[in-house]
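J.: Residue numbers (this note's numbering), protein chains in the order written: chain G, 1 to 216; chain W, 1001 to 1216. A virtual CB, placed ideally from N, CA and C, is assigned to each residue, including glycine. First, the structure itself, so that you have it in front of you.
Protein chains: 2
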Amino acid sequence: MNDQLSSKEPSAAQTLPETGSQEAVNKRQAQIVKKASRLFIKKGYAQTTMRDISKATGINLGNLYNYISSKEDILCLAFETYHDPAIAWLERKGVLTIEDPKEQLQTALHQMLVMTHDAMNDILMMYRETRVLPPKFLKIVLKKESDLVDFFEKIIARGVEKKAFHVRDPYFAANMLVFQLSLYPLRSWNLKRYSREDFLTLTEETILKAIIPDCA
Amino acid sequence: MNDQLSSKEPSAAQTLPETGSQEAVNKRQAQIVKKASRLFIKKGYAQTTMRDISKATGINLGNLYNYISSKEDILCLAFETYHDPAIAWLERKGVLTIEDPKEQLQTALHQMLVMTHDAMNDILMMYRETRVLPPKFLKIVLKKESDLVDFFEKIIARGVEKKAFHVRDPYFAANMLVFQLSLYPLRSWNLKRYSREDFLTLTEETILKAIIPDCA
DNA sequence: TCCGGAATAAAACATACGTCTGTTTAACAT
DNA sequence: ATGTTAAACAGACGTATGTTTTATTCCGGA
């Protein structure tokens, strides 16, 4: 009846009715998460009701629970959906094999900026709703973010060794850089005057200036 | 620039019972806001109940409504309490009269960084709960933030004119700078390794490097 | 044609919430 | 003592919520 005491698995391992084809269930899940995310973005997680989600997806309220195990679970799935592609890109593409540190940093930074910009609403939502995540899942999310910082730290540290960059503390610089990626998601209300391209260029330029000595 | 920043009563707090000593009421209000803010920080606004606030303040649930007009009102008051001092400092102190652009920027930046650092929990809370603000009050808050950006834009623009700074777009630089002030509030979970002083120095250094040419 | 699993609609359920009301207590001037 | 007034209190009200359940409909395949 009320199994609140049973440990809540993070969404990935969430146990569901498990009937029929897992394929169709996953598809339905994705549909729910996508629609629900729009609502979370527009109204906030707490202010979005399961009835809202039912209406938005066109899936009956009771039927929703055949695909997700709880409202909280939808949020976890949303974090997964929009957080993973970034790190995935950095690994899939051969960023790590670029020899020139400056070019390597520019390539990684540019791609991250573009992705961040295009997913601005989702990122803003994540910043706002992080608190709602169950502790176990929160840990996973922070770990992923921390990995991203480590990724940039390595690039920067190598550039410093090769005298291509000039920063006193690569770990700090990486933290600042990753944080700066969120400038637009968190402050777009004050940056409307810039076109997408202008903004990306300006941001890239500003971030790099703090890392690459520009006196040459 | 900041014309009506010292508006006191007619903020967003709605009209209250308006009893006898407004003095005691304000004191009580401050007490409520302070305690409630701690709860909002710890559990989030939506997850904090008026009963929680009653328990934390020791003020009876029903009696709370003699001092605040709604739960939402408490949040508005919290924003006011922690948002105003920053702008106030910049105006009170004679930052605007400092002649040397570099010294002027350093002074303002340092103070803002210290204040941001010390109010990190409140700032994190504000980033997260902005959505809950009633539209009318949200507008006021964004205006204040925008004013802060304008403040730094003017400093930067003057430094550019005097060839002391090197930035392509002062408005963008100011936006980035103000955003960077929130690095610690938003990312402290990944920056625990730094002492307060080390962190402040590093941040100041990094922010300035993007504005002041360091080839000298 | 009929069966069985899925979807739907509607309601129920238990709880939690913000807010308000009616009453009591305490302080204090008269 | 007494009367007045503001503060404190417990409890209730109505609504909204996440979740579950029940009764009914739909539809493809035997």
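Can you name the start and end residues of the alpha helix (DSSP H) that T130/G belongs to?
T.: In the first sequence, the residue the question calls residue 130/G occupies position 130. Counting along the chain, T130/G falls outside any alpha helix (DSSP H), and DSSP gives it neither H nor E.
J.: Nearest-angstrom Cα distance between L77/G and I140/G?
T.: Numbered from 1 along the first sequence, position 77 holds the residue referred to as residue 77/G. Numbered from 1 along the first sequence, position 140 holds the residue referred to as residue 140/G. So the two alpha carbons sit approximately 12 angstroms from each other.
J.: Quick one, which residues of the stretch 1166-1184 of chain W are near chain G if we go by CB-CB under 9 angstroms, in chain order?
T.: Answer in chain order: H1166, V1167, R1168, D1169, Y1171, F1172, A1173, N1175, M1176, V1178, F1179, Q1180, S1182 and L1183.
J.: Against V1149/W, what residues of chain G qualify as contacts under a CB-to-CB distance less than 7 angstroms, listed in chain order?
T.: What you label residue 1149/W is simply residue 149 of the second sequence in a count that begins at 1. Contact annotation for V1149/W against chain G: N190 [CB-CB distance below 7 angstroms, chain order].
J.: Hey, L109/G and E204/G are a contact pair by Cβ (cut 8 angstroms); roughly how many whole angstroms apart?
T.: Here residue 109/G corresponds to residue number 109 of the first sequence, with the count starting at 1. Here residue 204/G corresponds to residue number 204 of the first sequence, with the count starting at 1. The Cβ separation is near 6 angstroms, so the contact holds.
J.: Quick check on K1143/W - is its C-beta less than 8 angstroms from some C-beta in chain G?
T.: Taking the second sequence and counting its residues from 1, one reaches residue 1143/W at position 143. For K1143/W, the answer is no, since every Cβ of chain G falls outside 8 angstroms of its Cβ.
J.: DSSP three-state call for S1069/W: helix, strand or coil?
T.: What you label residue 1069/W is simply residue 69 of the second sequence in a count that begins at 1. Three-state DSSP puts S1069/W in coil, outside helix and strand.
J.: Under a Cβ-count criterion, where at least 16 other Cβ atoms within 10 Å of its own Cβ denotes burial, should E1161/W be classed as buried or exposed?
T.: If you number the second sequence from 1, residue 1161/W lands on position 161. E1161/W is exposed by the Cβ-count criterion.
J.: With a threshold of 16 other CB atoms inside 10 Å of the CB of K143/G, please say whether the residue is buried or exposed.
T.: Here residue 143/G corresponds to residue number 143 of the first sequence, with the count starting at 1. Its Cβ having fewer than 16 others within 10 Å, K143/G is exposed.
J.: Give, in chain order, every residue of the stretch 1122-1138 of chain W whose Cβ lies closer than 9 angstroms to some Cβ of chain G.
T.: The stretch 1122-1138 of chain W vs chain G, Cβ under 9 angstroms: Y1127, R1128, E1129, T1130, R1131 and V1132.
J.: Checking 8 angstroms against the spacing of the C-beta atoms, do V95/G and Q104/G come in under that value?
T.: As a first step, residue 95/G is located in the first sequence; it is residue number 95 there, counting from the start. As a first step, residue 104/G is located in the first sequence; it is residue number 104 there, counting from the start. Against a cut-off of 8 angstroms, the Cβ pair of Q104/G and V95/G comes out as a contact.
J.: Is the stretch 171-182 of chain G touching the stretch 1176-1188 of chain W in the sense that three or more CB pairs, one from each, lie closer than 8 angstroms?
T.: Look at the beta carbons and you see the stretch 1176-1188 of chain W touching the stretch 171-182 of chain G: at least three pairs across the two are nearer than 8 angstroms.
J.: Which whole-angstrom value is the C-beta distance of I1032/W and I1053/W, which I expect to be below 8 angstroms?
T.: Against the second sequence, residue 1032/W aligns to sequence position 32. Against the second sequence, residue 1053/W aligns to sequence position 53. Between I1053/W and I1032/W the Cβ distance is about 7 angstroms, and since that is below 8 angstroms, they are a contact.
J.: Measure from the C-beta of A210/G to each C-beta in chain W and report whether the shortest distance is under 8 angstroms.
T.: Sequence index remark: in the first sequence, residue 210/G carries index 210 (1-based). Answer yes: the Cβ-Cβ gap between A210/G and chain W drops below 8 angstroms somewhere.
J.: Any beta-carbon of chain G closer than 8 angstroms to the one on R1196/W?
T.: If you number the second sequence from 1, residue 1196/W lands on position 196. With its beta carbon at least 8 angstroms from every one in chain G, R1196/W lies outside the interface.
J.: Kindly list, in the order they appear in chain W, the residues whose Cβ is closer than 7 angstroms to that of R187/G.
T.: Within the first sequence, residue 187/G is the residue found at index 187, counting from 1. Ordered by position in chain W, the residues that pass the 7 angstroms Cβ test against R187/G are N1175 and F1179.
J.: Assuming the contact rule is C-beta atoms closer than 8 angstroms, G1159/W and P1101/W should be a hit. Round their C-beta distance to whole Å, please.
T.: In the second sequence, counting from the first residue as 1, residue 1159/W sits at position 159. In the second sequence, counting from the first residue as 1, residue 1101/W sits at position 101. Yes, they are in contact, since the Cβ atoms of G1159/W and P1101/W sit about 3 angstroms apart, within 8 angstroms.
J.: Does D150/G come out as helix, strand or coil in the three-state DSSP assignment?
T.: Here residue 150/G corresponds to residue number 150 of the first sequence, with the count starting at 1. For D150/G, the secondary structure class from DSSP, reduced to helix, strand or coil, is helix.
J.: Could you give the residue range of the alpha helix (DSSP H) that holds R1168/W?
T.: Here residue 1168/W refers to the residue found at position 168 of the second sequence. From DSSP, R1168/W is part of no alpha helix (DSSP H); its letter is neither H nor E.
J.: List, in chain order, every chain W residue whose beta-carbon is nearer than 7 angstroms to that of A46/G.
T.: Locating residue 46/G in the first sequence gives position 46, where the first residue counts as 1. In chain order: A1046.
J.: Does any C-beta atom of chain W lie closer than 8 angstroms to the C-beta of Q4/G?
T.: Position 4 of the first sequence, counting from 1, holds the residue named residue 4/G. With a pLDDT of 28 at Q4/G, under the threshold of 50, the modelled position of this residue cannot be trusted, and the question is left open.
J.: Can you find a CB in chain G that lies within less than 8 angstroms of the CB of M1001/W?
T.: Within the second sequence, numbered from 1, the residue matching residue 1001/W stands at position 1. Here the model assigns M1001/W a pLDDT of 37, short of 50, so the residue's position is not dependable, and the following value carries that caveat. Output row for M1001/W: interface = no.
J.: For M1112/W and I207/G, what's the separation of their Cα atoms in angstroms?
T.: Translated into positions along the second sequence, residue 1112/W becomes position 112. Translated into positions along the first sequence, residue 207/G becomes position 207. Just so you know, the alpha carbons of M1112/W and I207/G end up roughly 21 angstroms apart.
J.: Taking 8 angstroms as the threshold (beta carbon to beta carbon), is T1049/W in contact with chain G?
T.: For the purposes of this step, residue 1049/W is taken as the residue at position 49 of the second sequence. T1049/W does not count as touching chain G.
J.: Can you pull out the residues from the stretch 93-114 of chain G whose beta carbon lies closer than 9 angstroms to at least one beta carbon of chain W?
T.: none
J.: Looking at E153/G: is its Cβ nearer than 8 angstroms to the Cβ of Y127/G?
T.: As a working note, residue 153/G is residue 153 in the first sequence. As a working note, residue 127/G is residue 127 in the first sequence. In this structure, Y127/G does not lie closer than 8 angstroms to E153/G by Cβ.
J.: Report buried or exposed for L1191/W, applying the criterion of at least 16 other Cβ atoms within 10 angstroms of its Cβ.
T.: Mapped onto the second sequence, residue 1191/W falls at position 191. With 16 or more other Cβ atoms within 10 Å, it is buried.
J.: Given that S146/G touches chain W, what residues does it touch there, using C-beta distances under 7 angstroms?
T.: Against the first sequence, residue 146/G aligns to sequence position 146. Per Cβ cutoff of 7 angstroms: N1190.
J.: Is it true that the CB of I1211/W sits closer than 8 angstroms to the CB of F1165/W?
T.: Numbered from its first residue, the second sequence carries residue 1165/W at position 165. Numbered from its first residue, the second sequence carries residue 1211/W at position 211. Contact: yes.
J.: Give the C-beta separation of P134/G and E72/G to the nearest angstrom, bearing in mind that I take them to be a contact with Cβ-Cβ under 8 angstroms.
T.: Locating residue 134/G in the first sequence gives position 134, counting from the first residue. Locating residue 72/G in the first sequence gives position 72, counting from the first residue. Yes, P134/G and E72/G are in contact; Cβ-Cβ is about 6 angstroms, under 8 angstroms.
J.: Check the Cβ of L1202/W against every Cβ in chain G and list those closer than 8 angstroms, keeping chain order.
T.: To locate residue 1202/W, count along the second sequence from 1; it is residue 202. Going along chain G in sequence order, the residues near L1202/W (Cβ under 8 angstroms) are R168, D169 and F172.
J.: If you measure from the beta carbon of T116/G to each beta carbon in chain W, is any gap under 8 angstroms?
T.: Position 116 of the first sequence, counted from the first residue, corresponds to residue 116/G. T116/G does not count as touching chain W.
J.: Please list the terminal residues of the continuous alpha helix (DSSP H) segment that includes N1190/W.
T.: Taking the first residue of the second sequence as 1, we reach residue 1190/W at position 190. Careful: N1190/W lies outside any alpha helix (DSSP H) and carries neither H nor E.
J.: So, does the CB of T206/G fall closer than 8 angstroms to a CB anywhere in chain W?
T.: For the purposes of this step, residue 206/G is identified with residue 206 of the first sequence, where counting begins at 1. Yes, T206/G lies at the interface with chain W (some Cβ there is under 8 angstroms from its Cβ).
J.: How about T1049/W and K1035/W: are their beta carbons less than 8 angstroms apart?
T.: Reading the second sequence from its first residue, position 49 is the one you call residue 1049/W. Reading the second sequence from its first residue, position 35 is the one you call residue 1035/W. No, Cβ-Cβ distance for T1049/W and K1035/W is not below 8 angstroms.
J.: Nearest-angstrom Cα distance between F40/G and K1163/W?
T.: In the first sequence, counting from the first residue as 1, residue 40/G sits at position 40. In the second sequence, counting from the first residue as 1, residue 1163/W sits at position 163. Those two C-alpha atoms are separated by around 46 angstroms.
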